[in-house]
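**Student:** My structure is below; once you've seen it, I'll send some questions.
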Amino acid sequence: MQIRNIAIIAHVDHGKTTLVDKILHATHVFRDNQETGELIMDNNDLEKERGITIFSKNAAVEYKGVKINVIDTPGHSDFGGEVERVLKMADGVLLLVDAFEGPMPQTRFVLQKALQLNLKPIVVINKVDKPNCRPDEVHDAVFELFFNLDATEDQLDFPTFYGSGKNGWFNSKNEQCADITPLLDGILQYVPAPKVSEGPLQMQITSLDYSSFLGRIAVGKVARGSIKEGQPIALMQAGGVIKRSKVKELYTFMGMGKKKATEVEAGDICAVVGLEDFNIGDTIADAENPEALPVISVDEPTMSMLFGINNSPFFGKDGKFVTSRHLRDRLMKETEKNLALRVEDTDSADSFLVYGRGILHLGILIETMRREGFELTVGQPQVLVKEIDGKKNEPYEILVVDVPAEFSGKVIDMVTQRKGEMLVMESKGEMQHLEFEIPSRGLIGLRSNMLTNTAGEAVMAHRFLEYKPWKGPIPGRNNGVLLSKNQDKTTAYSIDKLQERGTFFVDPGEEVYAGQIIAEHIKPGDLIVNATEGKKLTNMRASGSDDSVRIVPKKQMTLEECMEYIQQDECIEVTPKKIRLRKSILDEEERKRIGRSMKSEQVG
Ligand SMILES: Nc1nc2c(ncn2[C@@H]2O[C@H](COP(=O)(O)OP(=O)(O)OP(=O)(O)O)[C@@H](O)[C@H]2O)c(=O)[nH]1
Ligand SMILES: [Mg+2]
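In case it helps, this note's numbering puts the sequence shown at residues -3 to 600.
Here it is in structure tokens:
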């Protein structure tokens, strides 16, 4: 059977998963009356809730007698390394670009990787149903991007399709048609059949799948020869290590699932069960004539966070797994399948340094753990500094902000304060398009400020650029916090009195402890307050008093917002039911003493 291998790549939210849905439907992977819902490839709980793709996934369809392997990829920049790896399975890419937004930082990154691997690009200008969209301008901008990325003549001659994944059509010109068949025909026409070379088996492991049942599953494209069920193989690893192993079971992809196979020929993508201790990048080779493919590098972490056991007074109230042993085992287990993650022991047996690719990457791990019943404490995310030529260097990123013109001054101020430098300012429809270069540190906490200061209108995206010399101090949070003086239930009576001093993170009737952050102060500087005075109320409804009526609803922050909010001396208590902000040192006296000694150290 003929084969085409394509990866769908784009900036976050430009419509990759929606397009894969339509491909699955158009090729009748489902019975006509089957209810499938939307974004069926985002099948993990967190993906469904957030409407984003976290893991890349393989699917396969049959169209006009050709098998098309389709790889859906995540668009968020924290997962860029994963996209880079899975591109190794593809021979062509569908580069989706939003017909309003045009190319964004991640569009550039994924396209660059695809061009370097010499994959055939097909450009898809998506979301032409959006009002004010500008497909022709966007097409020109995409061409310019190809040009700037040193595309070859052949690559510059890319085919373009226009359409709307949401409305289910794509056409070779910007005219609505009935369905997506023009695009499917385009895939058969433009994407080359996989190049296979003659010789004994070679297959590089480019991603992995996990089943609680079968354990770790190696996924990759067979580059040479064929792989058979029961076949003894040589697993060729970095540093020239060769391990003997055997293929226990073999699967190819079909629809959204996998189909058992006895033999898979070069050119097809498959999943291999039964290999022990393999890593991404290893080559599965013929046992008699083992030859390795060039190794692929796994992305370096860019950020670290301290994970510790929950040592708040409320420890153990909600969680099933609370000891340092539980925490360590869980983190170590995660590193088996979460490739960009690294875990290090620290001087303390109760905390571990966890390295990841960004706030979202680490946030997803924490969220997953709390759903499994873990309690833990996490500290402020730190970017990783590097010593280069004896100088301290830090990561810089390109930040792109699209914002209504009236807010652009505010945005520029805010970014400049955080040591960003403006590179580009131009108009894009009714929006201003701004590009900056900024230390990654400056980005932490920027998003929520940006949204508050632009009435929620700013659209921002960023992407790692390079390590450059340390840019000096960057101001942290402007406002101080209100800390609870004692451990008790908060009262509507107290909160009512205190609410002109700050924005509360807790409701009346919530249990708090001393040193817990219960509100943001309206001014700089922290304040210790008693929010538990007066009439005790078990909950709002039972009160019926005037106090509760006047209380502004608490400010709810997501885990990632909390991660960006806290400062160096603060941390987050995460349990299955609660996310609380607190000072790392809860006791006021001790906090003062340590604060003083830190200050004198800095001076001396
Ligand atoms: N107006 C419009 N919206 C679309 C279209 N295609 C997708 N969307 C919407 O855009 C949002 C993002 O779509 P997804 O398919 O999840 O985007 P994605 O590229 O897979 O996103 P990530 O995987 O998180 O990078 C969803 O709300 C879709 O409903 C389209 O053609 N027109
Ligand atoms: Mg997606």
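Glycine is no exception: its CB is placed at the ideal position from the N, C-alpha and C atoms.
Would you kindly work out how many angstroms separate the C-alpha atoms of VAL399 and ASN128, rounded to a whole number?
**Tutor:** The count along the sequence shown starts at 1 and reaches residue 399 at position 403. The count along the sequence shown starts at 1 and reaches residue 128 at position 132. Cα-Cα distance, rounded: 15 angstroms.
**Student:** Can you tell which of GLU45, VAL16, ASN389, VAL8 has the C-alpha that lies nearest to the C-alpha of THR364?
**Tutor:** For the purposes of this step, residue 364 is identified with residue 368 of the sequence shown, where counting begins at 1. Measuring from the Cα of THR364, the nearest candidate turns out to be GLU45.
**Student:** So, for ILE434: in the same chain, excluding its five sequence neighbours on each side, which residues have a beta-carbon less than 7 angstroms away from its beta-carbon?
**Tutor:** Mapped onto the sequence shown, residue 434 falls at position 438. Result list for ILE434: TYR392, GLU393, LEU395, VAL411, ARG414, LYS415, GLY416, in chain order.
**Student:** Note the first and the last residue of the continuous beta strand (DSSP E) segment covering TYR392.
**Tutor:** Along the sequence shown, read from residue 1 onward, the residue named residue 392 stands at position 396. Counting along the chain, the beta strand (DSSP E) containing TYR392 begins and ends at 387 to 400.
**Student:** May I have the straight-line CA-CA distance separating GLY77 from GLY530, to the nearest angstrom?
**Tutor:** In the sequence shown, the residue the question calls residue 77 occupies position 81. In the sequence shown, the residue the question calls residue 530 occupies position 534. When rounded, the distance between both Cα atoms is 55 angstroms.
**Student:** Beta-carbon within less than 7 angstroms of MET232's beta-carbon, same chain only, minus the 5 sequence neighbours each way: which residues are those?
**Tutor:** As a first step, residue 232 is located in the sequence shown; it is residue number 236 there, counting from the start. Within the same chain, MET232 has close Cβ partners ILE238, ASP278, THR279, ALA281, PRO286, ALA288.
**Student:** Are the CB atoms of MET85 and ASN170 within a distance shorter than 9 angstroms?
**Tutor:** Against the sequence shown, residue 170 aligns to sequence position 174. Against the sequence shown, residue 85 aligns to sequence position 89. No, these two residues do not count as a Cβ contact at 9 angstroms.
**Student:** Suppose the cutoff is 7 angstroms on Cβ atoms and the five residues either side in sequence are ignored; what does the same chain contact list for ARG81 look like?
**Tutor:** Stepping through the sequence shown from its first residue, residue 81 is reached at position 85. The answer, listed in chain order, is THR202, SER203, ILE276, ILE292.
**Student:** Spatial neighbours of SER300 within its chain, please: C-beta separation below 7 angstroms, excluding the five flanking residues on both sides.
**Tutor:** Within the sequence shown, numbered from 1, the residue matching residue 300 stands at position 304. Excluding positions up to five away in sequence, the list reads LEU349, VAL350, TYR351, GLN378, LEU380.
**Student:** So, does the stretch 454 to 470 touch the stretch 156 to 165, judging by three or more C-beta pairs under 8 angstroms?
**Tutor:** Result no; under three Cβ-Cβ pairs closer than 8 angstroms.
**Student:** Provide the residue span of the beta strand (DSSP E) that contains CYS558, from first to last.
**Tutor:** The sequence position of residue 558 within the sequence shown is 562, counting from 1. Not the beta strand (DSSP E): CYS558 falls in the alpha helix (DSSP H), residues 555 to 561.
**Student:** At a cut-off of 8 angstroms, is ALA6 close to ligand 1 when judged by its beta-carbon and the heavy atoms of the ligand?
**Tutor:** Translated into the one-based positions of the sequence shown, residue 6 becomes position 10. Yes; taking the cut-off as 8 angstroms, the Cβ of ALA6 has a heavy atom of ligand 1 nearer than that.
**Student:** Going by beta carbon distance, what residues of the same chain come within less than 6 angstroms of VAL269, once the five residues before and after it are set aside?
**Tutor:** The residue you call residue 269 lines up with position 273 of the sequence shown. The answer, listed in chain order, is LEU210, ILE213, LYS244, GLU245.
**Student:** Considering only DSSP beta bridges, list what ARG576 is partnered with.
**Tutor:** To locate residue 576, count along the sequence shown from 1; it is residue 580. In the DSSP output, where bridge partners are listed per residue, ARG576 has GLU569.
**Student:** Is any non-hydrogen atom of ligand 1 found closer than 8 angstroms to the C-beta of VAL455, if you look at the structure I gave you?
**Tutor:** The sequence position of residue 455 within the sequence shown is 459, counting from 1. Incorrect: VAL455 has no Cβ contact closer than 8 angstroms to ligand 1.
**Student:** Distance check for LYS574 and VAL508, CA to CA, integer angstroms please.
**Tutor:** As a first step, residue 508 must be located in the sequence shown, where it is residue number 512. As a first step, residue 574 must be located in the sequence shown, where it is residue number 578. So the alpha carbons of these two residues sit roughly 11 angstroms apart.
**Student:** Entirely within the stretch 446 to 489 and at least 3 residues each: give me those beta strand (DSSP E) ranges in chain order.
**Tutor:** List check, beta strand (DSSP E) in window: 455 to 465, 477 to 480.
**Student:** Put ALA189 into one of helix, strand or coil per three-state DSSP.
**Tutor:** Within the sequence shown, numbered from 1, the residue matching residue 189 stands at position 193. Three-state result, ALA189: coil.
**Student:** Round the Cβ separation of LEU419 and PHE432 to the nearest angstrom and send it over; I've been treating them as touching at under 8 angstroms.
**Tutor:** In the sequence shown, residue 419 corresponds to position 423, counting from 1. In the sequence shown, residue 432 corresponds to position 436, counting from 1. At roughly 6 angstroms, the Cβ-Cβ gap stays under 8 angstroms, so LEU419 and PHE432 are in contact.
**Student:** As an exercise, report each continuous beta strand (DSSP E) stretch of at least 3 residues that is fully enclosed by the stretch 74 to 136, in chain order.
**Tutor:** Those beta strand (DSSP E) runs which fall completely within the stretch 74 to 136 and span 3+ residues are 88 to 94, 116 to 122.
**Student:** Which of the three DSSP states is assigned to GLU363 in this structure?
**Tutor:** As a position in the sequence shown, residue 363 is number 367, starting the count at 1. Helix, per DSSP.
**Student:** Is LYS519 helix, strand or coil when you go by DSSP?
**Tutor:** In the sequence shown, counting from the first residue as 1, residue 519 sits at position 523. The answer is coil: DSSP assigns LYS519 none of H, G, I, E or B.
**Student:** Can you tell me whether TYR561 is buried or exposed, with buried defined as 16 or more other CB within 10 angstroms of its CB?
**Tutor:** Against the sequence shown, residue 561 aligns to sequence position 565. Flag for TYR561 reads buried.
**Student:** Determine whether the beta carbon atoms of CYS266 and MET199 lie at a separation below 9 angstroms.
**Tutor:** For the purposes of this step, residue 266 is identified with residue 270 of the sequence shown, where counting begins at 1. For the purposes of this step, residue 199 is identified with residue 203 of the sequence shown, where counting begins at 1. Yes.
**Student:** Smallest Cα separation from ILE513: which of LYS467, GLN563, ARG130?
**Tutor:** As a working note, residue 513 is residue 517 in the sequence shown. Checking every option, the nearest Cα to that of ILE513 belongs to GLN563.
**Student:** Is LEU42 near ligand 1, in the sense that its beta carbon is under 8 angstroms from a heavy atom of that ligand?
**Tutor:** The residue labelled residue 42 in the question sits at position 46 within the sequence shown. Not under cutoff, so the answer is no.
**Student:** Could you spell out where the beta strand (DSSP E) holding MET199 opens and where it closes?
**Tutor:** Within the sequence shown, the letter at position 203 stands for residue 199. Run containing MET199: 198 to 207, per the beta strand (DSSP E) assignment.
**Student:** Where DSSP assigns a beta bridge to CYS266, which residues make up the other side?
**Tutor:** For the purposes of this step, residue 266 is taken as the residue at position 270 of the sequence shown. Answer is GLY216, THR248, bridged to CYS266.
**Student:** Per the contact definition of three or more C-beta pairs closer than 8 angstroms, is the stretch 248 to 267 in contact with the stretch 51 to 71?
**Tutor:** At 8 angstroms Cβ cutoff, the stretches touch.
**Student:** Are there 16 or more other CB atoms within 10 angstroms of the CB of SER208, so buried, or fewer, so exposed?
**Tutor:** Within the sequence shown, numbered from 1, the residue matching residue 208 stands at position 212. That one is exposed.
**Student:** Following a CB-centred definition, is GLY71 positioned closer than 8 angstroms to any heavy atom of ligand 4?
**Tutor:** Questions concerning ligand 4 fall outside what the structure shown contains, since the ligands it does hold are ligand 1 and ligand 2.
**Student:** Closer than 8 angstroms by C-beta to ILE223: which residues in its own chain qualify, once you throw out the five before and the five after it? Chain order, please.
**Tutor:** To locate residue 223, count along the sequence shown from 1; it is residue 227. LEU197, MET199, ILE229, VAL243, LEU246, GLU259, VAL260, CYS266, VAL268, ILE280, listed in sequence order.
**Student:** Less than 8 angstroms separating the Cβ of ILE2 from some heavy atom of ligand 2?
**Tutor:** As a working mapping, residue 2 is identified with position 6 in the sequence shown. Flag unset: Cβ of ILE2 not near ligand 2.
**Student:** Give a yes or no on whether the minimum CB-CB distance between ASP503 and chain D is below 9 angstroms.
**Tutor:** No chain D is part of this structure, which consists of one protein chain only.
**Student:** Measure the alpha-carbon distance for ARG220 versus ILE67 and round it to whole angstroms.
**Tutor:** Your numbering for residue 220 matches position 224 in the sequence shown. Your numbering for residue 67 matches position 71 in the sequence shown. ARG220 and ILE67: Cα-Cα distance of roughly 20 angstroms.
**Student:** DSSP puts THR156 in a beta bridge; with which residues?
**Tutor:** The residue labelled residue 156 in the question sits at position 160 within the sequence shown. Beta-bridge pairing links THR156 to VAL119.
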